[in-house]
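In this note's numbering, the protein residues as written are -18 to 130. Virtual Cβ for every residue (Gly too), placed ideally from N, Cα, C. Working notes for the structure below.
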């Protein structure tokens, strides 16, 4: 019952589903499927070994959905979702990991790749990096970037 309440809270806040009966129906469907899988796993155990079933192993499509962060909830309410990427903290974190100093080219490569992972859009990332680097409070000396003490 406690998990159900947390799940309904998640649907209400994250997926913006305000209809409580719809949330309860979704919980019931998930609980039924979990129970069904649990029974299948118990039935498939033979001699202490678990036989693998196709449903138990996630398919390539399901793994890609998990990696991309989609879980079946349709939260596109006519507006595209935007991801906030924290340029300053990423730049400073990469510099700290490198011991406080790093070449500009290496830092750009690391930060732009992190940006591409988070947002998925690489267009204009280099120009954006240059503007964010100037505002991030680090000192740039030629080809070397260092944290300010």
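Length of the line joining the Cα atoms of residue i and residue j
i: residue 7; j: residue 120; result: 53 Å
i: residue 122; j: residue 82; result: 10 Å
i: residue 79; j: residue 65; result: 24 Å
i: residue 90; j: residue 5; result: 46 Å
i: residue 115; j: residue 98; result: 22 Å
i: residue 113; j: residue 2; result: 46 Å
i: residue 26; j: residue -10; result: 35 Å
i: residue -12; j: residue -3; result: 12 Å
Run of the alpha helix (DSSP H) containing residue i, from where it starts to where it stops
i: residue -10; result: -17 to -5
i: residue 22; result: 1 to 25
i: residue 67; result: Note, residue 67: premise wrong, no alpha helix (DSSP H); not H, not E.
Reduced DSSP secondary structure (H/G/I, E/B, other) of residue i
i: residue 111; result: helix
i: residue 98; result: helix
i: residue 117; result: coil
Continuous beta strand (DSSP E) stretch holding residue i: start and end
i: residue 82; result: 82 to 84
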